[in-house]
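Data block below; observations after.
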Amino acid sequence: MIPVHPETDRRIDELKAGFPHAGSALLPALYLIQEEKGSIPEEAMVYVAEKIGVSPAFVAGVVSFYTLFHPRPVGRHHIQVCRTLPCALRGCGEILAHLSKRLGIKEGETTPDGRFSLVAVECLGACDTAPMMQINDQEHGHLDRAKVDAILESLR
Amino acid sequence: MAYEPLLLRNVGKPGSETIDVYLASGGYQGLRRVVKEFAPEKFVEEVKAAGLRGRGGAGFPTGMKWGFLPKTKDRPRYLCVNADESEPGTFKDRLLIEKDPHLVLEGIILSAFAIECHTAFFYIRGEFHTGYRTFAKAIEEARAKGFLGKNILGSGYDLDLILYRGAGAYICGEETALLESLEGKRGLPRIKPPFPAVVGLYGCPTIINNVETLANVTLIAERGASWYAGLGRPPKNTGPKLYCVSGHVKRPGVYEAPLGIPLMELIQERAGGLVHPDRPLKAVVPGGSSMRVLPATKCDVLMDFDSLIAAGSMLGSAGVIVMDSGTCMVWALLSLARFYAHESCGQCTPCREGTGWFVKVLERIERGEGRPGDVDLLIDVASRVEGNTICPFGEAIAWPVDSYARVFREEFEDHVAHGTCPIGATAAR
Amino acid sequence: MPDPTPPAPNAPDQVGILIDGRPVVVTKGATVLQAAETIGLEIPHYCYHPGLSIAGNCRMCLVEIEKMPKLQIGCATVASQGMVVQSTTERVRRTREGIMEFLLINHPLDCPICDQAGECRLQQYEAAYGAGFSRFTEEKVHFPKRVALGRHVVFDAERCIKCTCCIRFCDEVSGSHELGLFQRGDHSIIGTFPGRPLDDAYSGCTVDVCPVGALTLKEFRFKARVWFLKDVPSVCGGCARGCSVNLATYRNAIHRITPRVNMDVNRHWICDAGRLSHRALDERPRFESPRVRPAPGAGPAGGGPPPDVAHDRGIDAAADLLRAVKERAGAGGLAALVSARLTVEDLRLAVRALAETIGIPRLAVPPHEEGEDDHLLIRKDRTPNVRGAALVGPGAPHAGRVREILDDVTAGRVKGLVVVGEDPVGEGLLAAEAVRSLQALVVIDWWRSPTVEAAHVAIPSCGYGEFEGVFVSFEGRAQRARAALKPRGHVDPVWRILQDLGHRFGLAATYPSASAVFDEVAASVPAFAGLSYRALGSLGAALKVT
Numbered sequence: 229m230i231p232v233h234p235e236t237d238r239r240i241d242e243l244k245a246g247f248p249h250a251g252s253a254l255l256p257a258l259y260l261i262q263e264e265k266g267s268i269p270e271e272a273m274v275y276v277a278e279k280i281g282v283s284p285a286f287v288a289g290v291v292s293f294y295t296l297f298h299p300r301p302v303g304r305h306h307i308q309v310c311r312t313l314p315c316a317l318r319g320c321g322e323i324l325a326h327l328s329k330r331l332g333i334k335e336g337e338t339t340p341d342g343r344f345s346l347v348a349v350e351c352l353g354a355c356d357t358a359p360m361m362q363i364n365d366q367e368h369g370h371l372d373r374a375k376v377d378a379i380l381e382s383l384r
Numbered sequence: 010m011a012y013e014p015l016l017l018r019n020v021g022k023p024g025s026e027t028i029d030v031y032l033a034s035g036g037y038q039g040l041r042r043v044v045k046e047f048a049p050e051k052f053v054e055e056v057k058a059a060g061l062r063g064r065g066g067a068g069f070p071t072g073m074k075w076g077f078l079p080k081t082k083d084r085p086r087y088l089c090v091n092a093d094e095s096e097p098g099t100f101k102d103r104l105l106i107e108k109d110p111h112l113v114l115e116g117i118i119l120s121a122f123a124i125e126c127h128t129a130f131f132y133i134r135g136e137f138h139t140g141y142r143t144f145a146k147a148i149e150e151a152r153a154k155g156f157l158g159k160n161i162l163g164s165g166y167d168l169d170l171i172l173y174r175g176a177g178a179y180i181c182g183e184e185t186a187l188l189e190s191l192e193g194k195r196g197l198p199r200i201k202p203p204f205p206a207v208v209g210l211y212g213c214p215t216i217i218n219n220v221e222t223l224a225n226v227t228l229i230a231e232r233g234a235s236w237y238a239g240l241g242r243p244p245k246n247t248g249p250k251l252y253c254v255s256g257h258v259k260r261p262g263v264y265e266a267p268l269g270i271p272l273m274e275l276i277q278e279r280a281g282g283l284v285h286p287d288r289p290l291k292a293v294v295p296g297g298s299s300m301r302v303l304p305a306t307k308c309d310v311l312m313d314f315d316s317l318i319a320a321g322s323m324l325g326s327a328g329v330i331v332m333d334s335g336t337c338m339v340w341a342l343l344s345l346a347r348f349y350a351h352e353s354c355g356q357c358t359p360c361r362e363g364t365g366w367f368v369k370v371l372e373r374i375e376r377g378e379g380r381p382g383d384v385d386l387l388i389d390v391a392s393r394v395e396g397n398t399i400c401p402f403g404e405a406i407a408w409p410v411d412s413y414a415r416v417f418r419e420e421f422e423d424h425v426a427h428g429t430c431p432i433g434a435t436a437a438r
Numbered sequence: 004m005p006d007p008t009p010p011a012p013n014a015p016d017q018v019g020i021l022i023d024g025r026p027v028v029v030t031k032g033a034t035v036l037q038a039a040e041t042i043g044l045e046i047p048h049y050c051y052h053p054g055l056s057i058a059g060n061c062r063m064c065l066v067e068i069e070k071m072p073k074l075q076i077g078c079a080t081v082a083s084q085g086m087v088v089q090s091t092t093e094r095v096r097r098t099r100e101g102i103m104e105f106l107l108i109n110h111p112l113d114c115p116i117c118d119q120a121g122e123c124r125l126q127q128y129e130a131a132y133g134a135g136f137s138r139f140t141e142e143k144v145h146f147p148k149r150v151a152l153g154r155h156v157v158f159d160a161e162r163c164i165k166c167t168c169c170i171r172f173c174d175e176v177s178g179s180h181e182l183g184l185f186q187r188g189d190h191s192i193i194g195t196f197p198g199r200p201l202d203d204a205y206s207g208c209t210v211d212v213c214p215v216g217a218l219t220l221k222e223f224r225f226k227a228r229v230w231f232l233k234d235v236p237s238v239c240g241g242c243a244r245g246c247s248v249n250l251a252t253y254r255n256a257i258h259r260i261t262p263r264v265n266m267d268v269n270r271h272w273i274c275d276a277g278r279l280s281h282r283a284l285d286e287r288p289r290f291e292s293p294r295v296r297p298a299p300g301a302g303p304a305g306g307g308p309p310p311d312v313a314h315d316r317g318i319d320a321a322a323d324l325l326r327a328v329k330e331r332a333g334a335g336g337l338a339a340l341v342s343a344r345l346t347v348e349d350l351r352l353a354v355r356a357l358a359e360t361i362g363i364p365r366l367a368v369p370p371h372e373e374g375e376d377d378h379l380l381i382r383k384d385r386t387p388n389v390r391g392a393a394l395v396g397p398g399a400p401h402a403g404r405v406r407e408i409l410d411d412v413t414a415g416r417v418k419g420l421v422v423v424g425e426d427p428v429g430e431g432l433l434a435a436e437a438v439r440s441l442q443a444l445v446v447i448d449w450w451r452s453p454t455v456e457a458a459h460v461a462i463p464s465c466g467y468g469e470f471e472g473v474f475v476s477f478e479g480r481a482q483r484a485r486a487a488l489k490p491r492g493h494v495d496p497v498w499r500i501l502q503d504l505g506h507r508f509g510l511a512a513t514y515p516s517a518s519a520v521f522d523e524v525a526a527s528v529p530a531f532a533g534l535s536y537r538a539l540g541s542l543g544a545a546l547k548v549t
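Residue numbers (our numbering), protein chains in the order written: chain Z, 229 to 384; chain U, 10 to 438; chain C, 4 to 549.
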């Protein structure tokens, strides 16, 4: 019994065949698993370790190294506020505090209903729109409190 | 005479990311010309003659790097495109990827052709979702039109391009860490030698080039080396350059200019000057956060590789971060120190332990518990990191710590002595 | 005085370099660190280990190399002809001081309770290269301490310097891949995957390779300070591989066994079973003088502990019993089981005394095989001297011959059985009724095994670590096992007991020492020609066998 959908399993096989060395398929495979399951739990790590031909400890090491891989589920709307210098110069601290207050959670936490998680992240390479944030795969820049409120409203 | 953009020539046009718009503006003519008229080695010479220097941060001559590949062809060669743009203050590669991917793609195909590689990888940072989707589409379009795949333009040259997402690690922008990540591992930089040109991806000869560098290759293919070598500030600082301006300016954005534009022109004219009229310029980071900071008094400098080295900093990724007088430099350095501590891969002793130490000392100073000797300590510890690490991340943390603490020493000492920020700067926190 | 010039190489596969002005000639491919070793200069290092790949992450071995602007790591820089290396400049001094400082800022002050004290490179190098004080006054990074990574290995994550030697060992040598590196930056931590502990057969080697006290052996934790331990070089008796080991002794006990480097046998490693083989000395019941039961037929063999007697009385009693059987049933009524765990010297006397002098016609060697040969060191043959038995006698292990003898015991055809170093009763090969039917069960062994308990006469012999003797590995390498301990009571090595027994039947030879026995073997068995204890040295010698 594999812990992923047969379609995911098939796509991972395809990935392996598409690289000169199957080891390269690990990161894309982890993305596929996370896409399907929302996170990468332990049994999925064991599964993908066997698929790729590495040890589960190795996979856990890879998952824990990269910030975009989640061993535990994040909110349905994963709010990532950039906090590095260019955004800090344009007031990201205020944005982060405002979001924390609005959502009722601290940075690093998820709302009890699982809808929102809030993290401060490092430079997202969008410094011309500072202060900015990314929610799942959407970017929102030139933020102020009003804009943040409007975005949150649109996600309710 | 207004500057005619070369790299940004299509940006702003509707559908600029599509192959149709690209072709309509003369796209892929360079590729056609080169595969027909140039043997691969000859195009390497062309890029050497153009004087192109890498646009990722190191400024290493591109043609020379290509020349490091061994002559024997017993193992496959690889080209890896470094689209992991993560240097704070830098957002130029993203612009090209999202708005003119074919300019970059053509450069990739040309470069792969020149170094005789048949499989290339486009390593894009995981956070660039739009860029990933856009580039994937561009690859499909190029394949459909025969610019990618088997027997490109009937030349007999095959090239496969694999799109690969990073997963959130600044260190994967370091070329050997990128290779490790591509191989499916933690992104830990490798010790050099051996260099990637000899032992790279899967142990095979590999060239890693930045996105903007490759876009420049397209220009060289289109109009030739001697034309290119006349742009910018020849002979050693040639070509057009994309500058990213962020921070306390009215118009943060990407601006193209010949290499060597004066920094103040970039800030005042292109980026519209400082955003707060009553707060004069205080400091500028000229090349991404890893480069030494320049005080306002040292900003009368040309933005090319060698001029900035002479001024005590570097062009780096050309990420210009502008700070006005409302900025507390201790706070600014702390922000960067936290970035480096978060992104340190942890492999080697000085960086792993030093980055955390800097954060702790700066946090202590920030909250008013600084002690005499703290500033000297920061400078001394930075000197024990610099030069002693596996990869340039050591310099990337040591240079900011050293330069902020030295250039703004009075402010730092004041902060330590009085336990409060002398600026009283809170707006930007 | 002119600057020294780098030496010219002596051969085309060599290079000559200068290290701190001293000329060094090494084989091509050697690194600066290895070149320095050849002249007795230690370039300090943590993550380098000669048995593992190069990691280059500790940065402690940074040295100055002429013509290179940045310092280079000696562990990874290959020496090239004419290279000029400086390891004592101010730049290097300052860098080492810096590395030491970085390593210690988050390191816990555990020395008073840390097993590694006394053999810890942090201590050694801080004393040699460190500033001697810390400028770090912040809160250290905290990690779990005393994590059981597996059955034998305990991990203190705060002490770890992330050199990755342990991980490289599991990936490159044992192949278990059970250790991983998690997180990044100064929160990096090594560990195992949940539910998959570090339990391969070589887990203890991670403790050896760890340069600090992050990995400790559970069985050794807090047992003894290493500066009290005296290392006695020996060879492991756990299987036919014959790994070179060090027996660390203190107060007449072995506190730990560690591998001794022997590039021809075990390189830098031993298995966990071998590493812990000394525990049997404490765990198994011993006896300190011969035990003699009343005459046969005087009661069931298991009735109460027999009285202890002096050594000579024990030997006499054994001889009397055997003589009686021989007179009544003839020599054919006698048989012997002789172990391949015995030394060459023991086996030599077994043949001389039992077979040639007493005239026991059948001597069989029981095989002891378990599992399979693994990819690294462990042999399925769990005896250390099978080849010794084959070369010196009584012969290679033979299950069939053993079975024959034991069947004859059961059938009553064999009335007198001598068992040396074996436990057929405990292993279920010899049933209680069969034992009862014997008129003479003479047992020589180091522990009070079930066979010893059932014996009419049992003579205690030296256990592992208490005798001098030679084992011959499956590859034909003879190595010395050394006496590191004094046994309690009057306990002799097996060869001397057999010699004493032989004397009761007219054996003339009286060897003064195990060494003398070995010299005699060297003189008479062609495979051992030219050898002696001195010639075997500390790493042993390959026998002349095909």
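Backbone N, C-alpha and C fix where the C-beta goes; we use that ideal spot for every residue, glycine too.
Rounded distance between the beta-carbons of L488(C) and E557(C), thought under 8 Å: The structure shown does not extend to residue 557(C), since chain C is modelled only from 4 to 549, so the question has no answer here.
Compare the C-beta of H233(Z) against all C-beta atoms of chain C and say whether one is closer than 8 Å. Along the first sequence, one-based indexing puts residue 233(Z) at 5. Answer no: the Cβ-Cβ gap between H233(Z) and chain C never drops below 8 Å.
Cβ atoms of A234(U) and K74(U): under 8 Å apart, would you say? Locating residue 74(U) in the second sequence gives position 65, where the first residue counts as 1. Locating residue 234(U) in the second sequence gives position 225, where the first residue counts as 1. It is not a contact, given that the beta carbons lie outside the stated cut-off.
Roughly how many angstroms separate the alpha carbons of G429(C) and T346(C), rounded to a whole number? As a first step, residue 429(C) must be located in the third sequence, where it is residue number 426. As a first step, residue 346(C) must be located in the third sequence, where it is residue number 343. Looking at the backbone, the Cα of G429(C) and that of T346(C) are separated by about 22 Å.
According to DSSP, residues forming a beta bridge with I381(C): By 1-based counting over the third sequence, the position of residue 381(C) is 378. Partner(s): none; I381(C) has no beta bridge.
Under the rule that 16 or more other beta-carbon atoms within 10 Å means buried, what is A214(U), buried or exposed? The residue given as residue 214(U) occupies position 205 in the second sequence. Correcting the residue identity first, residue 214(U) is Pro in this sequence and not Ala. Around the CB of P214(U), 16 or more other CB atoms lie within 10 Å, so the residue is classed as buried.
Apart from the five residues just before and just after I229(U), which ones in its own chain have a Cβ nearer than 7 Å to its Cβ? Along the second sequence, one-based indexing puts residue 229(U) at 220. Listed in chain order, the non-local C-beta contacts of I229(U) below 7 Å within the same chain comprise E55, V56, A59, L61, Y237, local neighbours out to five positions each way being set aside.
Name, please, each residue of chain C whose Cβ falls closer than 9 Å to the Cβ of E270(Z). By one-based count along the first sequence, residue 270(Z) stands at place 42. Annotation: Cβ neighbours of E270(Z) in chain C (cutoff 9 Å, chain order): F196, P197, G198.
Inter-residue CB distance, G396(C) and L350(C) (contact presumed, cutoff 8 Å): Locating residue 396(C) in the third sequence gives position 393, where the first residue counts as 1. Locating residue 350(C) in the third sequence gives position 347, where the first residue counts as 1. Between G396(C) and L350(C) the beta-carbon gap is near 6 Å, inside 8 Å, which marks them as a contact.
Quick check: what's the CA-CA separation for G492(C) versus S292(C)? As a position in the third sequence, residue 492(C) is number 489, starting the count at 1. As a position in the third sequence, residue 292(C) is number 289, starting the count at 1. Distance from the CA atom of G492(C) to the CA atom of S292(C), rounded to whole angstroms, is 6 Å.
Who are the near neighbours of G251(Z) in its chain, counting only those whose CB is closer than 8 Å to its CB and skipping five residues on each side? As a working mapping, residue 251(Z) is identified with position 23 in the first sequence. Within its own chain, the residues whose Cβ lies closer than 8 Å to the Cβ of G251(Z), once the five positions on either side in sequence are excluded, are I280, G281, V282, listed in chain order.
Buried/exposed call for E265(U), threshold 16 Cβ in 10 Å: In the second sequence, the residue the question calls residue 265(U) occupies position 256. That one is buried.
Report the neighbours of F286(Z) on chain C: residues whose CB is nearer than 7 Å to its CB, in chain order. Your numbering for residue 286(Z) matches position 58 in the first sequence. Taking a Cβ-Cβ threshold of 7 Å, the residues of chain C close to F286(Z) are H180, G183, in chain order.
Determine the DSSP secondary structure at P439(U), reduced to helix, strand or coil. Here chain U comprises residues numbered 10 to 438, so residue 439(U) is not present and cannot be evaluated.
Going along the chain, which residues of the region 295 to 310 of chain Z sit with their C-beta nearer than 8 Å to a C-beta in chain D? Going by chain labels, chain D is absent from the structure shown, which instead holds the protein chains Z, U and C.
Quick check: the Cα distance between G398(C) and G59(C), rounded to an integer number of angstroms? Position 395 of the third sequence holds residue 398(C). Position 56 of the third sequence holds residue 59(C). Going from the Cα of G398(C) to the Cα of G59(C) covers about 51 Å.
For P70(U), which residues does DSSP report across the bridge? Start at 1 with the first residue of the second sequence, and residue 70(U) comes out as number 61. Beta-bridge pairing links P70(U) to R62(U).
At the 8 Å Cβ level, is I318(U) part of the contact set with chain C, yes or no? By one-based count along the second sequence, residue 318(U) stands at place 309. Chain C, which has no Cβ nearer than 8 Å to the Cβ of I318(U), makes this no.
With H, G and I counted as helix, E and B as strand and the rest as coil, what does DSSP make of E242(Z)? The count along the first sequence starts at 1 and reaches residue 242(Z) at position 14. The three-state secondary structure of E242(Z), taken from DSSP, is helix.
From what residue to what residue does the beta strand (DSSP E) around N219(U) run? As a first step, residue 219(U) is located in the second sequence; it is residue number 210 there, counting from the start. If you look at N219(U), you'll find it in the beta strand (DSSP E) that goes 215 to 219.
Rounded C-alpha distance that separates I230(Z) from L420(C): Residue 230(Z) sits at position 2 when you count from the first residue of the first sequence. Residue 420(C) sits at position 417 when you count from the first residue of the third sequence. A direct Cα-to-Cα measurement between I230(Z) and L420(C) gives close to 60 Å.
Consult DSSP for A487(C) and reduce its assignment to one of helix, strand or coil. For the purposes of this step, residue 487(C) is taken as the residue at position 484 of the third sequence. Three-state result, A487(C): coil.
For the region 82 to 99 of chain C, enumerate the residues whose C-beta is nearer than 7 Å to any C-beta of chain U, in chain order. From the region 82 to 99 of chain C, only T98 have a Cβ closer than 7 Å to chain U.
Tell me which residue opens and which closes the alpha helix (DSSP H) that K375(Z) is part of. Here the question's residue 375(Z) lines up with position 147 in the first sequence. 373 to 382 is the span of the alpha helix (DSSP H), which, as asked, contains K375(Z).
Check each candidate in L218(C), G543(C), P72(C) and name the one with the smallest Cα separation from C123(C). The residue you call residue 123(C) lines up with position 120 of the third sequence. Comparing Cα positions, the closest option is L218(C).
Residues near W450(C) in its chain [Cβ-Cβ closer than 7 Å; skip 5 each side]: Taking the third sequence and counting its residues from 1, the one referred to as residue 450(C) is at position 447. Correct list, in chain order: R287, P288, R289, G466.
Assuming Y211(U) contacts E192(U) under a Cβ cut-off of 8 Å, what Cβ separation, rounded to an integer in Å, is found between them? Numbered from 1 along the second sequence, position 202 holds the residue referred to as residue 211(U). Numbered from 1 along the second sequence, position 183 holds the residue referred to as residue 192(U). Beta-carbon to beta-carbon, Y211(U) and E192(U) are separated by about 7 Å, close enough to satisfy the 8 Å threshold.
Can you name the start and end residues of the beta strand (DSSP E) that V235(C) belongs to? Residue numbering aside, residue 235(C) sits at position 232 when the third sequence is read from its first letter. Element bounds for V235(C): 233 to 238.
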